[in-house]
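J.:
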């Protein structure tokens with residue numbers, strides 16, 4: 107080290123100046139390169155790209171780094187994803203028609219080199235870093251299915267927790283000193299000790315009873331007073347039965363007075379696009 111330092115001191119001044127100038131240029135270049143890389147990274151982070159899905163022609167703008175599967179979801183297109191987007195099932199195959207998309211390691215296990223060169227990718231693995239036109243084949247799409255919504259079964263005697271009773275109670279008199287709550291409860295054949303009522307409902311009860319001249323419908327939830335409705339609404343007592351499965355959701359509107367189903371609605375469980383089972387989701 108001492109010999110090198112001595113040799114450096116023996117160099118003419120012009121050479122020493124050249125040495126330091128060269129060192130300064132190298133340092134400045136390195137700093138500029140790092141700054142450009144940082145700016146490029148920030149620019150990429152804030153960049154948005156357009157993704158057009160064919161054959162519908164739907165298009166969305168997404169942040170750089172989002173997957174094609176995420177973009178499809180934003181466009182309202184549901185794709186098969188039994189593995190929950192982990193790149194293990196290969197069911198979310200799409201074809202890149204325009205734009206550049208990097209090839210992930212997992213995609214090489216599902217496509218040949220020829221298919222990759224043709225633009226085939228997995229929607230859950232391919233990140234968006236360019237404007238893309240993506241074709242979604244029929245096999246990749248999640249379509250509505252015919253769902254069984256009616257079947258013969260054992261007759262069931264319903265016991266609804268919500269019940270309604272029409273009441274025509276006599277107005278209070280000087281000889282009848284019962285309170286409004288007692289009049290209402292005893293009017294439907296119960297005792298005040300059997301029914302719970304919140305302070306809020308109790309405050310509203312007197313006003314409602316006087317407005318309706320003590321005629322209306324008592325609504326009970328088990329042993330709790332829910333409401334006192336104007337007029338006779340005892341035949342308007344409905345409930346909804348829901349069957350939430352991993353693949354389908356079925357809802358039935360039921361008349362709670364006689365158990366008759368009034369309407370049925372069904373659909374695929376929208377969480378199917380995140381995996382076939384609860385664990386994948």
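Residue numbers (my numbering): 107 to 387.
The beta-carbon is built from N, C-alpha and C at its ideal position, and this holds for glycine as well.
1. Using the beta-carbon count (16 or more within 10 Å), is residue 334 buried or exposed?
2. Along the chain, where does the alpha helix (DSSP H) that runs through residue 293 open and close?
3. Which one of 200, 341 and 305 has the shortest CA to CA distance from residue 173?
4. In angstroms, rounded to a whole number, what distance separates the CA positions of residue 272 and residue 352?
5. From the DSSP secondary-structure annotation, give me the bridge partner or partners of residue 371.
6. Suppose contacts are defined by Cβ-Cβ distances below 8 Å. Is residue 228 in contact with residue 213 by that definition?
7. Taking its Cβ as the centre, do 16 or more other Cβ atoms sit within 10 Å of residue 191, making it buried, or is it exposed?
8. When we look at the beta-carbon of residue 323 and count the other beta-carbons within 10 Å, is it buried (16 or more) or exposed?
9. With DSSP as the reference, please indicate the residues paired to residue 164 in a beta bridge.
10. In whole angstroms, what separates the C-alpha of residue 178 from that of residue 265?
11. For residue 347, which three-state DSSP category applies?
12. Taking the alpha-carbon positions, what's the residue 155 to residue 376 distance?
13. Go ahead and label residue 242 buried or exposed: buried means 16 or more other beta carbons lie within 10 angstroms of its beta carbon, across all protein chains shown.
14. Report the option in 184, 167, 314 and 319 whose CA atom is closest to the CA atom of residue 239.
15. Starting from residue 312, follow the alpha helix (DSSP H) in both directions and report where the run begins and ends.
16. Looking at the secondary structure, which residues open and close the beta strand (DSSP E) in which residue 208 lies?
17. Any idea which residues DSSP pairs residue 272 with across the strands?
T.: With the structure as the only source:
1. buried
2. Run containing residue 293: 286-293, per the alpha helix (DSSP H) assignment.
3. Closest option to residue 173, Cα to Cα, is 200.
4. 42 Å
5. 357
6. Yes. Within cutoff.
7. buried
8. buried
9. 159
10. 45 Å
11. Strand at residue 347.
12. 26 Å
13. buried
14. 167
15. 305-317
16. Run containing residue 208: none; DSSP gives neither H nor E here.
17. 323
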